[in-house]
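Undergrad:
Protein chains in written order, with our numbering: chain A, 1 to 232; chain B, 1001 to 1081.
1) Going by DSSP, what residue range makes up the beta strand (DSSP E) through residue 16 (chain A)?
2) By the three-class DSSP mapping on this structure, what secondary structure does residue 226 (chain A) have?
3) So is residue 1061 (chain B) in contact with chain A if we call contact Cβ pairs under 7 Å?
4) Using the Cβ count rule (16 or more neighbours within 10 Å means buried), how would you classify residue 1043 (chain B)?
5) Between the C-alpha atoms of residue 208 (chain A) and residue 21 (chain A), what's the straight-line distance to the nearest angstrom?
6) Determine, using beta carbons only, whether residue 1067 (chain B) comes closer than 7 Å to chain A.
7) Is residue 71 (chain A) helix, strand or coil when you go by DSSP?
8) With a CB to CB cut of under 7 Å and the five nearest residues on each side skipped, what residues in its chain are close to residue 1069 (chain B)?
9) Just how far apart, CA to CA, sit residue 171 (chain A) and residue 165 (chain A)?
10) Where does residue 1041 (chain B) land, buried or exposed, given buried means 16+ other C-beta within 10 angstroms?
11) Contact criterion: CB-CB distance below 7 Å. Does residue 166 (chain A) meet it with respect to chain E?
12) Checking contacts by CB at 7 Å: is residue 1009 (chain B) closer than that to chain A?
13) Residues in its own chain within less than 7 Å of residue 178 (chain A) by CB, not counting five upstream and five downstream?
14) If you draw a straight line from the C-alpha of residue 196 (chain A) to the C-alpha of residue 1057 (chain B), how long is it?
15) Taking residue 138 (chain A) as the reference, give the member of A:73, A:149, A:154 with the closest Cα.
16) By the 8 Å beta-carbon criterion, what residues does the region 192 to 212 of chain A contribute toward chain B?
17) Could you tell me the distance, in whole angstroms, from the CA atom of residue 119 (chain A) to the CA atom of residue 49 (chain A)?
18) Mind listing, in chain order, the continuous alpha helix (DSSP H) runs of no fewer than 4 residues lying wholly within the region 73 to 119 of chain A?
19) Nearest chain B C-beta to residue 3 (chain A) closer than 7 Å, yes or no?
20) Looking only at its chain, what residues have a beta carbon closer than 7 Å to the beta carbon of residue 251 (chain A), apart from the 5 residues adjacent to it on each side?
21) Taking Cβ positions, are residue 1074 (chain B) and residue 1004 (chain B) nearer each other than 7 Å?
22) Could you tell me the boundaries of the beta strand (DSSP E) in which residue 201 (chain A) lies?
23) Where do the N-terminal and C-terminal ends of the beta strand (DSSP E) with residue 10 (chain A) fall, by residue?
24) Going by beta-carbon coordinates alone, are residue 25 (chain A) and residue 101 (chain A) separated by less than 7 Å?
25) To the nearest angstrom, how far is the alpha carbon of residue 176 (chain A) from that of residue 47 (chain A)?
26) Specify the secondary structure class of residue 1002 (chain B) as computed by DSSP and reduced to three states.
27) My assumption, with CB atoms under 8 Å, is that residue 59 (chain A) sits in contact with residue 77 (chain A). Please give the rounded CB distance.
28) Give the residues of chain B in contact with residue 169 (chain A), contact being defined as C-beta atoms less than 7 Å apart.
29) Please determine if the region 91 to 99 of chain A and the region 151 to 161 of chain A are in contact, where contact requires at least 3 C-beta pairs separated by less than 8 Å.
30) Who are the neighbours of residue 1054 (chain B) on chain A, taking C-beta pairs under 9 Å?
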């Protein structure tokens, strides 16, 4: 049985080994980027069916950001929405036969968690300056500085292990059951794996929002009159 | 098979088995509390079940951590190299 922790090199690009996860990641990125460009090229005020569908997705992301962070969603929509859609598509890419989701490899998840870590620092500094961001580490009192510092590292690590463990264990369990039982038996497990993939993408995005909102510190609540709130 | 491999396999089994107990108890409590809340307020069942799913996934992650540790012991054990 091959180790679920190792990744197989597909071919070598000079000295750099290219694994299947990297190829899948780039294909997903290309599909998302080209699809977004094609969709947003001819935006009209009276939306077509496709435009209405994607406006619905953007509106849902906006509503979730507004509910979770209690902020205007515009500065965070691009990062959080891209994070959610990429992880969602990556987790569900196991629907295509022969494709292993790139999030089942630890390096993709490490990159995503690192992105969240950098985004927390960047949004924190942008909201309140370097002094203001550093002062959030001493937020209840200065005794908590080492604990807050360690927490900002360990929560990134737990974000990484959570996504990796969930997706990888789904792939691993399906592989074991497939080698034991054959044709139709793994289908309920695959359905469970799809549910887990969707929920994990949602949780990853929600936790990224919570961490960013924590780094921004005390926030001005948005006035209720200007924001249209999503129904729960 | 040397003693280190033996110990790794035993500890992987212990990690998964004990790591499954806590999340199982926690998920049971969470589902029971959600059932209670839905029985009291059926109109807010949507919000409760959405929050419940997210919470269950968070709790389940604890068991997944133990699974990752077990797989590390079995497949990427530095002592067995």
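Glycine included, C-beta positions come from ideal geometry on N, C-alpha and C.
TA: By the coordinates alone:
1) In the DSSP assignment, residue 16 (chain A) falls within the beta strand (DSSP E) that extends over 16 to 19.
2) Per-residue confidence for residue 226 (chain A) stands at a pLDDT of 42, beneath the threshold of 50, marking its modelled position as unreliable; the derived number appears in the next sentence. Coil at residue 226 (chain A), not helix or strand.
3) Interface flag for residue 1061 (chain B) against chain A is set, since a Cβ pair is found closer than 7 Å.
4) When all chains shown are included, residue 1043 (chain B) counts as exposed.
5) Going by the C-alpha atoms only, they are around 23 Å apart.
6) The C-beta of residue 1067 (chain B) comes closer than 7 Å to at least one C-beta of chain A.
7) Coil at residue 71 (chain A), not helix or strand.
8) Hits under 7 Å: 1015.
9) Just so you know, the alpha carbons of residue 171 (chain A) and residue 165 (chain A) end up roughly 10 Å apart.
10) With fewer than 16 other beta carbons inside 10 angstroms of its own, residue 1041 (chain B) counts as exposed.
11) Of the protein chains in the structure, A and B, none is chain E.
12) Residue 1009 (chain B) does not count as touching chain A.
13) Hits under 7 Å: 186.
14) Between the alpha carbons of residue 196 (chain A) and residue 1057 (chain B) lies a distance of about 8 Å.
15) Ranking the options by Cα distance to residue 138 (chain A), first place goes to A:149.
16) If the cut-off is 8 Å between Cβ atoms, the region 192 to 212 of chain A has 196, 199, 200, 202, 203, 206 near chain B.
17) About 34 Å.
18) Entirely contained in the region 73 to 119 of chain A, the alpha helix (DSSP H) runs reaching 4 residues are, in chain order, 74 to 92.
19) At a cut-off of 7 Å between beta-carbon atoms, residue 3 (chain A) makes contact with chain B.
20) Nothing can be reported for residue 251 (chain A): it is not among the residues displayed for chain A, which extend from 1 to 232.
21) No. Outside cutoff.
22) Premise fails: residue 201 (chain A) lies in the alpha helix (DSSP H), 187 to 216, not in any beta strand (DSSP E).
23) Residue 10 (chain A) -> beta strand (DSSP E) spans 9 to 13.
24) No, they are not a contact pair.
25) Annotation: residue 176 (chain A) to residue 47 (chain A) spans about 47 Å, alpha carbon to alpha carbon.
26) Of the three classes helix, strand and coil, the one that applies to residue 1002 (chain B) here is coil, per DSSP.
27) Contact annotation, residue 59 (chain A) with residue 77 (chain A): C-beta distance approximately 10 Å; criterion of less than 8 Å not satisfied.
28) The contacting residues are 1064, 1067.
29) No, because fewer than three Cβ pairs between the region 91 to 99 of chain A and the region 151 to 161 of chain A fall closer than 8 Å, the two stretches do not touch.
30) Per Cβ cutoff of 9 Å: 199, 202, 203, 206.
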